[in-house]
Amino acid sequence: MVDFSHQPTMKGFFAPTRFEADVYDCEVIGKVPTDMNGAFVRLGGDWLYPPKFSDDAPFSVDGYINMFRFKNGIVDYKGRWVKTPRYKADLAAHKQLFGEYRNPFTDDPSVKGLDRTVQNTTPLAFAGKLFTLKEDSLPYEINCNTLETIGPYNFHGKYKSLTFTAHPKVDPVTGEMICYGYEAAGLETNDVYLYTINKKGEVTREVRFKVPYISMVHDIGLTQKHVIIPVFGFVTSMERLKEGKVHWGWDSTRPSYVGIIPRDGEAKDIRWFKGPERATVHTLNGRTEGDKVILEAPIFDSNPFPFFPSVDGSPWDAQKARAYIRRNTFDLNSKDDGFTEEKLFEMNVSDLGRVDDRYLSLPYRYAFTAYTDRERPFDQWRAGNLQGRVSNCYGRFDLATGKKSSYFVGDTCSLQEVCFVPRKGSSEEGDGYVIGMASNYAEMRSELIIADAQRLEDGDVARVILPFRSTAQVHGRWMDEDQLPFA
Ligand code: V55
Ligand code: FE
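For the sequence shown, position 144 (counting from the first letter as 1) is numbered 149 according to my numbering, and the numbering increases by one without interruption.
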């Protein structure tokens, strides 16, 4: 018996869909560019069974991978659950056996010791393989044509961390991947294992170090010379897990730390800089300029997630849960542990931003992300009472001039994370397409938006229409046809 009727947040457009899908030759409004060949792969979640506890985090949702496969202007859609041991155990039991977010003490005794990961965060194409990523476990390998789950992957036994980040960085110059796991030696350990994996998928470096306190190390910055490691606000302990709580609580008294380690350095070479209460969940880009290391990121003043409550019992503050694009500058010659912070744009943005990945770790100019423009129209009569709460624009933020150009999605839609697709054959930064999923509340369906990244004001060049609601994505990636063995 499956009953979602008591889940107040899973209604209307946000109700679980609970089916696997194949749509061939999707309906298109406009014209899909014929120079886009590959796939837009999205990973997010759909609850197979309702959460066991009402205060569980939405990040516990079962992983669901889906892709828009592009071939010469024709687009096919495919969606599959990620078939984790947890999915299989729940399906066999016909109920949710797993408890609070990253807390095995709250699980049904029948699943003790089972890998309890939900693979719901980021899809990755690397060394010719497709993976799903969730920061509490190893990557899961996926068949890129069928989207069926193959299983956990540890890079020929050379990747020793028990966990793998949802935000590995691929150096566009060398093709190598810089990746890591935190709580790497097991639940509630303060170990981070940092790896370099070459483009053939061979581990070439491992560095093990400790964080100042165990926290959510969700994303890092990469430069040509350094790795930048933000640590902030979220705390956890074996005691709180044994009390049956979600893995993270927010501690506003904790300083944020940023670790900087040379890419060819050892654990002793890491330097920890210290700052005020902040949350750098996602980064945009990093670079090293002489003795300075620079990170740009959409940074929150405090806890972005209401479902990871304050440890002191104080209420979640929506005002402080807004991200601004900021620049942090770290002086490697400084004698103290301080760093500078600048706000680059005086407006709130979605923290799920993107740069042209061909410029990752290098000097760059453009950041892309979604935001809410309250001046734009919203059709409440057709799309519901969501005025001011929809991401109705994608912005291209020019860090050189401070100017912004914008794509507006229309008065019944909200945009999910932006993705940048470089134009084939060009290398000019920002030359390509901006793509992303729109939720059309009036039509109760999902639409894939494709716009020219250099002409955002012109609107989309194509919309790929799904005749249903697709699962909400956490992160999506464009995977070019030469990156994976597509049929
Ligand atoms: C994040 C998302 C997660 C997670 C931890 O956005 C951090 C940050 C979707 O799951 O498990
Ligand atoms: Fe993320």
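Glycine is no exception: its CB is placed at the ideal position from the N, C-alpha and C atoms.
Contact test: residue i Cβ vs ligand 2 heavy atom, cutoff 7 Å
i      : result
THR285 : no
ASP224 : yes
ALA171 : yes
HIS161 : no
HIS480 : yes
Which of helix, strand or coil DSSP assigns to residue i
i      : result
ARG482 : strand
TRP386 : helix
ASP463 : helix
GLY17  : helix
VAL116 : helix
PHE64  : helix
TYR364 : helix
THR122 : coil
TYR187 : strand
VAL222 : coil
ARG474 : coil
N- and C-terminal bounds of the beta strand (DSSP E) containing residue i
i      : result
PRO109 : Run containing PRO109: none; DSSP gives neither H nor E here.
MET72  : 68–76
TYR198 : 196–202
ALA44  : 43–50
PRO303 : 297–305
ALA492 : Run containing ALA492: none; DSSP gives neither H nor E here.
ASN290 : 290–294
VAL212 : 208–215
LYS134 : 134–138
GLU146 : 145–147
ALA375 : 371–376
Ligand 1 heavy atom lying under 7 Å from the CB of residue i
i      : result
ASN125 : yes
LYS250 : no
VAL240 : no
VAL197 : no
PHE24  : no
VAL423 : no
MET442 : no
MET6   : no
PHE64  : yes
MET5   : Here the chain comprises residues numbered 6 to 492, so residue 5 is not present and cannot be evaluated.
Host alpha helix (DSSP H) of residue i (start-end)
i      : result
PRO272 : Per the sequence presented here, residue 272 reads as Ala, with Pro not at that position. No alpha helix (DSSP H) holds ALA272; DSSP gives it neither H nor E.
GLU244 : 243–247
TYR92  : 90–98
Beta-bridge partners of residue i, as assigned by DSSP
i      : result
GLU181 : None; GLU181 has no bridge partner.
SER261 : GLY280
VAL33  : VAL469
LYS83  : ASP27, MET72
HIS231 : PRO267
LEU167 : None, per the DSSP bridge assignment.
PRO128 : THR137
SER451 : SER444
ASP457 : TYR438
THR154 : ILE147
TRP255 : PHE239, SER315
VAL175 : MET182
heavy atom of ligand 3 below 7 Å from residue i C-beta
i      : result
GLU140 : No copy of ligand 3 occurs in the structure displayed; its ligands are ligand 1 and ligand 2 alone.
Exercise for review: Go through the segment 378–449 residue by residue and report every complete run of the alpha helix (DSSP H) that reaches 4 residues or more, in order.
Suggested key: Here the runs fully enclosed are 385–388.
Exercise for review: Ignoring anything shorter than 3 residues or poking outside the segment 300–357, list the beta strand (DSSP E) runs there in chain order.
Suggested key: 328–336, 345–348
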